[in-house]
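Protein chains in written order, with my numbering: chain A, 4 to 109; chain D, 819 to 979; chain B, 183 to 660.
The beta carbon of each residue, even a glycine, is placed where N, CA and C say it ideally should be.
All of these numbers come straight from a predicted model, not from anything done at the bench.
Written out as C-alpha cells, the structure is:
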C-alpha cells in the first residue's frame with residue numbers, strides 16, 4: 004500500500020468515524036421518529052462511503068459499485084416501510100414521539 | 819487531494835447541520851445535501867455509476883419520502899419554535915462537543931495503518947459485474963422491490979369498507 | 183437442485199401477482215402456498231438420505247447463482263418448510279378477509295424466498311441482501327393489523343435491525359478491503375493463509391458479530407425480542423419466533439463463525455460469556471412475566487443462549503449440538519406459539535392472570551404444550567434433552583466445566599418456571615369464563631399435533647437422526 008493511498012484512507016476514515024458518531028447520537032437523542040430515521044440514513048451513508056473507499060483502495064471499484072447500487076435499492080425500500088410505520092404510529096397516537104410508545108417495555 | 823479534504827469537511831458539517839437544525843424540513847434538506855456531497859466523493863473515488871445512483875435516488879427519492887411523511891405528521895406552530903430551539907440546543911450541544919473533540923483527536927493522533935492489500939484484480943466493467951457475476955443480487959433487488967410494493971399496499975392504500 | 187428452492191417460490195410469487203382475478207381466490211392460494219412448503223419439506227428430507235444428490239442442476243448452470251446445498255443448509259430448509267407451513271395453517275384459521283389473505287401469503291412467500299436463499303448462499307454481501315429481504319417482509323407482516331402495539335413493536339424491531347445491518351455492512355467493507363472479494367471461499371482462504379491483513383479481518387469479524395448478536399436478540403441486545411414477538415399477530419409470531427430470527431441471526435452466526443471465520447481465543451470467550459449471560463438473565467426475566475407470549479419470548483432468548491454457548495466451545499461436537507438444538511428449538515418454540523395462538527383465539531387474551539383451568543376445555547392444547555415445555559426444559563426422552571446433553575458434554579470436553587455446570591443449573595430453572603406456568607394456565611382454577619367460546623379450528627389442532635409428534639419422534643429416534651442428519655455436519659466444520 005503506497006503512502007498516498009494510506010493518507011487518503013486516513014482522511015476518509017476520520018470523516019467516516021465522525022459520521023458514525025453523528026448518526027448514532029441522532030438516533031439516541033431524538034424524540035421524533037422521523038429524526039431517528041434520518042440518523043439511520045446518516046449511518047447508512049457512512050457505511051456506503053466505506054464500501055466505496057474499500058473498493059477504491061484494493062482496486063475493485065466495479066465490485067464496490069455493484070454492491071452500493073444493490074444497497075441503495077434496499078435502503079429505499081427500508082425507508083418506505085419505515086415511513087409507513089411512522090405514519091401509522093401517528094394515526095394511532097396523534098404523535099410521533101417515541102417516548103409515548105411506552106406500552107411496551109423491553 | 820485537497821478537494822477531497824474540503825468535500826469531506828463539508829460532508830461532516832452537512833451531517834451535523836442535519837442533526838442539529840430545529841425544523842424537520844431543514845433537516846431533510848440537510849440530508850439531501852449530505853447525499854450530494856457523498857456522491858461527489860464517490861465520483862472522486864472512481865465510482866461514477868454509484869455516484870449517479872446516490873445522487874438521483876438518495877438525494878431525490880428519499881427526500882421525497884421523508885417530506886411526505888413529515889407533511890402528514892408534523893404539527894408545530896410558529897409560537898412553539900423558540901421554545902423548541904432552546905430545548906434542542908440543550909439536548910444537542912453534547913453532539914457538537916463530542917464531534918469537535920473526536921475530530922480533533924482523530925486528526926492529531928489517527929495514523930492510517932499500512933495494510934497488506936489483496937493482489938490487484940484485472941479491470942472489470944460495472945455492468946459486466948452486475949449483470950454477469952452477481953445474478954443473485956439482481957434477483958434480490960427484484961424481490962426487495964416487490965416487498966416494498968406490498969409494504970406500500972399495506973400501509974398507504976386506504977382500505978374501502 | 184439448490185436453485186429450485188429459490189426459483190419455485192419466486193415463480194409462485196410471480197404467478198400469484200399476475201393480473202387475473204381467479205388467481206387471487208383464497209381457494210387457490212392456500213393450497214398453492216401450503217403445497218409448495220410441503221414439497222420443500224419432502225425434498226430437504228431426502229437430501230441427507232442420499233437421494234437425488236447427483237442430479238445436475240440446469241438452472242444453476244443457467245443463472246449462476248452460486249448457491250450450494252450442504253448438510254447444514256438441508257436441515258435449515260427442513261426447519262423453514264415445517265415452520266412456514268405451520269404458520270400458514272394457523273393463519274388459514276385466523277385470517278379470512280380476501281385482501282389480507284392475499285397480502286399475508288405474498289409476504290410469507292417473500293420471507294420464505296429470503297430465508298431459503300440465506301441458507302444456500304455462499305457470498306457475504308448477497309447474504310446481507312437476503313437477510314434484509316426476510317426482515318422487510320416480516321416488518322410488514324408484524325404491522326399488518328396496524329394496531330397500536332403492532333406498530334410500536336415493528337418500529338423497535340425495524341430500528342434495531344437496521345442498526346445491525348449497518349454493523350454488518352461496515353464489516354463487509356473491511357472484508358472487501360482485506361480480501362478483495364465477498365465470497366465465503368475467499369474469506370475462508372484469507373483467514374487460513376495469513377496472506378491478508380489480520381487486523382482488518384479481526385475488525386470485520388468483531389463488527390459482524392455485533393450485528394448478528396442484535397439480530398439473534400441475545401442479552402445485551404435483546405430489547406426488541408419480547409415486544410416484536412408479543413405484538414405480532416398469532417400466525418406471524420409462530421414464523422418470527424420459529425424461524426425468522428433463528429435463520430437471519432443464529433444460522434448466519436453458525437455458518438460464518440462455525441465454518442468460515444477462524445475463532446481466536448478472545449472471540450470464543452466473548453461467545454461463551456454472551457451465551458451464558460443470555461441463558462441466566464432471560465431465564466430469570468421470564469419468571470416475572472405475566473403474558474404467555476412475552477414469557478415464551480424470554481425463554482426463546484435463553485434457548486438461543488445455549489446455541490451461542492455451544493458455538494463458543496468451538497469443537498465439531500459442540501457445533502453438532504448447536505445445530506440439533508437449533509432444530510429442536512425451532513420446533514418446540516413454534517409449538518408453544520401455536521398453543522398461545524390457540525389460547526388467544528379461544529379467550530382473546532394471553533395474559534396469564536386472566537387465564538386459568540383451561541386443561542379440561544382445551545385438551546389438545548394443554549397436552550401438546552406440556553410436551554413443548556418439557557422438551558424446552560430438557561426432560562429425557564424428548565428431543566430437547568438430547569441436544570442439551572450434547573452441548574453440555576461438548577463443553578466439558580472442550581475444557582469449560584464451569585459453563586457446563588451453569589448451563590445445567592439454568593436448565594433446571596427453566597423447568598421450574600414452566601411448571602408454574604403450566605399449573606396456572608391449564609390446571610389451576612377457572613379464573614374467568616372465556617369471552618369467545620369457539621371450537622378449536624382444525625388448522626391449529628393439526629399443527630399442534632404435528633409439531634408435538636416431531637418433538638417426540640426426534641427424541642425417540644435420536645440415534646437415527648444423529649447418524650443421518652447430524653454427524654455429516656462434522657465434515658463442514660474446520
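Per-residue contacts from residue i into chain D (C-beta, under 8 angstroms)
i                     : result
residue 17 of chain A : 826, 921, 924, 925 and 928
N-terminal and C-terminal residue of the alpha helix (DSSP H) that residue i is part of
i                      : result
residue 980 of chain D : Because chain D here runs from 819 to 979, residue 980 of chain D falls outside it and cannot be looked at.
residue 994 of chain D : Absent from the model: residue 994 of chain D. The displayed extent of chain D is 819 to 979, so no value can be given.
residue 61 of chain A  : First-last for residue 61 of chain A: undefined, no H or E at that position.
residue 625 of chain B : 624-642
residue 225 of chain B : 208-228
residue 397 of chain B : 380-398
residue 7 of chain A   : 6-32
residue 267 of chain B : 253-274
residue 865 of chain D : Neither: residue 865 of chain D is in no alpha helix (DSSP H) and is coded neither H nor E.
residue 404 of chain B : Residue 404 of chain B -> no alpha helix (DSSP H), and no H or E assigned at all.
residue 351 of chain B : 330-361
Pairwise C-alpha distance: residue j and residue i
i                      : j                      : result
residue 429 of chain B : residue 904 of chain D : 46 angstroms
residue 328 of chain B : residue 493 of chain B : 38 angstroms
residue 214 of chain B : residue 288 of chain B : 12 angstroms
residue 59 of chain A  : residue 359 of chain B : 9 angstroms
residue 219 of chain B : residue 924 of chain D : 53 angstroms
residue 500 of chain B : residue 648 of chain B : 13 angstroms
residue 292 of chain B : residue 211 of chain B : 14 angstroms
residue 109 of chain A : residue 460 of chain B : Unreliable positioning characterises residue 109 of chain A in this predicted model, as indicated by a pLDDT of 39, which lies under 50. A coordinate reading is not provided.
residue 919 of chain D : residue 876 of chain D : 30 angstroms
residue 563 of chain B : residue 576 of chain B : 20 angstroms
residue 550 of chain B : residue 633 of chain B : 8 angstroms
residue 37 of chain A  : residue 900 of chain D : 20 angstroms
residue 662 of chain B : residue 560 of chain B : Nothing about residue 662 of chain B can be reported from this structure: the residues present for chain B run from 183 to 660 only.
residue 107 of chain A : residue 822 of chain D : Reliability fails at residue 107 of chain A, whose pLDDT of 45 lies under 50, so the model's placement of it is uncertain and no value is given.
residue 582 of chain B : residue 449 of chain B : 15 angstroms
residue 447 of chain B : residue 864 of chain D : 39 angstroms
residue 386 of chain B : residue 594 of chain B : 37 angstroms
residue 587 of chain B : residue 645 of chain B : 25 angstroms
residue 81 of chain A  : residue 46 of chain A  : 14 angstroms
residue 307 of chain B : residue 75 of chain A  : 13 angstroms
residue 464 of chain B : residue 838 of chain D : 38 angstroms
residue 185 of chain B : residue 228 of chain B : 16 angstroms
CB of residue i within 8 angstroms of CB of residue j, strictly
i                      : j                      : result
residue 43 of chain A  : residue 341 of chain B : yes
residue 514 of chain B : residue 554 of chain B : yes
residue 512 of chain B : residue 424 of chain B : yes
residue 650 of chain B : residue 481 of chain B : no
residue 656 of chain B : residue 408 of chain B : no
residue 85 of chain A  : residue 40 of chain A  : yes
residue 302 of chain B : residue 250 of chain B : yes
residue 933 of chain D : residue 379 of chain B : yes
residue 394 of chain B : residue 502 of chain B : no
residue 540 of chain B : residue 474 of chain B : no
residue 356 of chain B : residue 391 of chain B : no
residue 51 of chain A  : residue 311 of chain B : no
residue 88 of chain A  : residue 970 of chain D : no
residue 315 of chain B : residue 335 of chain B : no
residue 270 of chain B : residue 217 of chain B : no
residue 25 of chain A  : residue 935 of chain D : no
residue 18 of chain A  : residue 826 of chain D : yes
residue 547 of chain B : residue 521 of chain B : yes
residue 537 of chain B : residue 275 of chain B : no
residue 419 of chain B : residue 519 of chain B : yes
Contacts that residue i makes with chain B (C-beta to C-beta distance below 7 angstroms)
i                      : result
residue 968 of chain D : 285, 288, 289 and 322
residue 972 of chain D : 285, 322 and 326
Amino acids of chain A, ordered along the chain, whose beta-carbon sits closer than 7 angstroms to that of residue i
i                      : result
residue 908 of chain D : Here the premise fails: no neighbours, minimum Cβ distance about 10 angstroms.
residue 359 of chain B : 57, 60 and 61
residue 887 of chain D : 37, 86, 89 and 90
Partners in chain D for residue i, counting only beta-carbon separations shorter than 7 angstroms
i                      : result
residue 248 of chain B : 954
Chain-ordered neighbours of residue i on chain B, where CB pairs are closer than 8 angstroms
i                     : result
residue 73 of chain A : 307 and 311
At a CB distance below 9 angstroms, what residues from the stretch 950-965 of chain D approach chain B? Give them in sequence order. 950, 951, 952, 953, 954, 955, 957, 958, 959, 960, 961, 962, 964 and 965
Relative to chain A, which residues along the stretch 841-859 of chain D have a C-beta separation below 8 angstroms, given in chain order? 842, 845, 846, 849, 852, 853, 856 and 859
Closer than 8 angstroms between beta carbons: that is the criterion. Which residues of the stretch 301-321 of chain B meet it against chain D? 303, 305, 307, 308, 311, 312, 314, 315, 318, 319 and 321
Under 8 angstroms, CB to CB, which of the residues in the stretch 868-884 of chain D have a partner in chain A? 868, 871, 872, 875, 876, 879, 880, 883 and 884
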